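Residue numbers (my numbering): 378 to 454. Have a look at the structure below before the remarks.
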């Protein structure tokens, strides 16, 4: 995680499928960072467009990028 301004707008949230490893845009989107950092994102699921299976859509398997260049999550995703 990097130093992010509380008012930084979210640019993208990418999910990594826990089944096939495919990456896709998250159906859950929130902004600014202050809202995102305090949110509880557990138990959410989305259908992977690559394998068609449901996958977790949680803080453990995503990266969120913000307008100031900061990010939350695994930058390798």
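By construction, the Cβ of each residue, glycine as well, lies at the ideal position given by its N, Cα and C atoms. Since we're looking at a predicted model, the values are computed, not measured.
Alpha-carbon to alpha-carbon, residue j and residue i
i: residue 393; j: residue 401; result: 7 Å
i: residue 455; j: residue 407; result: As displayed, the chain neither begins before 378 nor continues past 454, which places residue 455 out of reach and without an answer.
i: residue 422; j: residue 385; result: 26 Å
i: residue 381; j: residue 416; result: 15 Å
i: residue 397; j: residue 428; result: 7 Å
i: residue 442; j: residue 425; result: 20 Å
Integer Cβ distance of residue i from residue j, believed to fall under 8 Å
i: residue 409; j: residue 434; result: Not a contact, Cβ separation roughly 20 Å.
i: residue 450; j: residue 436; result: 7 Å
i: residue 440; j: residue 391; result: 5 Å
Collapsed DSSP secondary structure at residue i in the structure displayed
i: residue 415; result: helix
i: residue 393; result: strand
i: residue 400; result: strand
Spatial neighbours of residue i in its chain, beta-carbon cut-off 8 Å, leaving aside the 5 residues before and after
i: residue 395; result: 432, 433 and 438
7 Å Cβ shell around residue i - same chain, five flanking residues per side excluded
i: residue 444; result: 385, 386 and 388
Residue i beta carbon near the ligand ATP (any heavy atom closer than 7 Å)
i: residue 398; result: Ligands displayed in this structure: none; no statement on the ligand ATP is therefore possible.
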